[in-house]
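Read through the structure below, which is laid out as structure tokens, and then see the notes.
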Amino acid sequence: MKTKLLIPANILIPLALFGAIFTVFTVSFDLTSFGIPLAAGKFLTYIAFLCSFLVALILISDVFRNNIPGKYLWTLGFLISGGITGLFYLRSRPKYFAQA
7 MKTKLLIPAN ILIPLALFGA IFTVFTVSFD LTSFGIPLAA GKFLTYIAFL
57 CSFLVALILI SDVFRNNIPG KYLWTLGFLI SGGITGLFYL RSRPKYFAQA
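Following our numbering, the numbering of the sequence shown begins with 7 at its first residue and continues without gaps.
The structure is reproduced here in structure tokens:
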């Protein structure tokens, strides 16, 4: 049974991209060397983690509501990497409905 996402995919994809890019970027690099104040860098990190967490929660609920094969592996991927795995899932989501 195919159910809709809680938030449309055209909103989830930018959220996942923002979360993935800024989580990796702000954790890996010192933003003060680019002229960004420390408080702004911390704010970007918090917002990126929040976006990744939101995407992970929505996609975990989608995986379990639609009974997608490998739902526990998808859940583990969402919890570990959030936005990055979310992008892969959103891209191939229609293919998994044919298998479910």
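Ideal placement from N, C-alpha and C gives every residue a C-beta, glycine not left out.
Would you kindly check if the distance between the Cβ of residue j and the Cβ of residue i is under 8 Å?
i, j, result
"F84", "K77", "no"
"F24", "A54", "yes"
"T38", "T51", "no"
Can you give the beta carbon distance from residue i to residue j, rounded, assuming they're within the 8 Å contact cut?
i, j, result
"L79", "A22", "Incorrect: roughly 18 Å between the Cβ atoms, too far for contact."
"T29", "S58", "6 Å"
"Y95", "L63", "The pair is not a contact, with the Cβ atoms about 13 Å apart (cut-off 8 Å)."
Whole angstroms is fine: what's the gap from residue i's alpha carbon to residue j's?
i, j, result
"S60", "S67", "Correcting the residue identity first, residue 60 is Leu in this sequence and not Ser. Going from the Cα of L60 to the Cα of S67 covers about 11 Å."
Give the DSSP-derived three-state secondary structure of residue i in the structure shown.
i, result
"F35", "coil"
"N16", "helix"
"L11", "coil"
"G92", "helix"
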